[in-house]
Amino acid sequence: MKKSADAINQALEMKTDEQNRRMEQMRHTLVGNNIYSWAASLLRTMANI
Numbered sequence: 001m002k003k004s005a006d007a008i009n010q011a012l013e014m015k016t017d018e019q020n021r022r023m024e025q026m027r028h029t030l031v032g033n034n035i036y037s038w039a040a041s042l043l044r045t046m047a048n049i
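For what it's worth, UniProt numbering labels the leading residue of the sequence shown as 1, then goes sequentially.
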């Protein structure tokens, strides 16, 4: 519980430019790792079994 509270506090105190940088990084990651790419990867793996 303490770690969650610390993480929330860190996010609340984070500078705007750091928030923006992290958000951009997360969005970039999510573009390539969405439900469609996950499902396709799962189906490829299953087809190779």
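Yeah, the Cβ is synthetic: ideal placement off N, Cα and C, and Gly gets one too.
- For I49, no alpha helix (DSSP H) encloses it, and the DSSP letter there is neither H nor E.
- Its chain contains no residue whose beta carbon lies nearer than 6 Å to that of S4 once the 5 sequence neighbours on both sides are disregarded.
- Collapsing the DSSP output to three states places N9 in a helix.
- A direct Cα-Cα distance of roughly 13 Å separates S41 from I49.
- The continuous alpha helix (DSSP H) containing M23 extends over residues 16-32.
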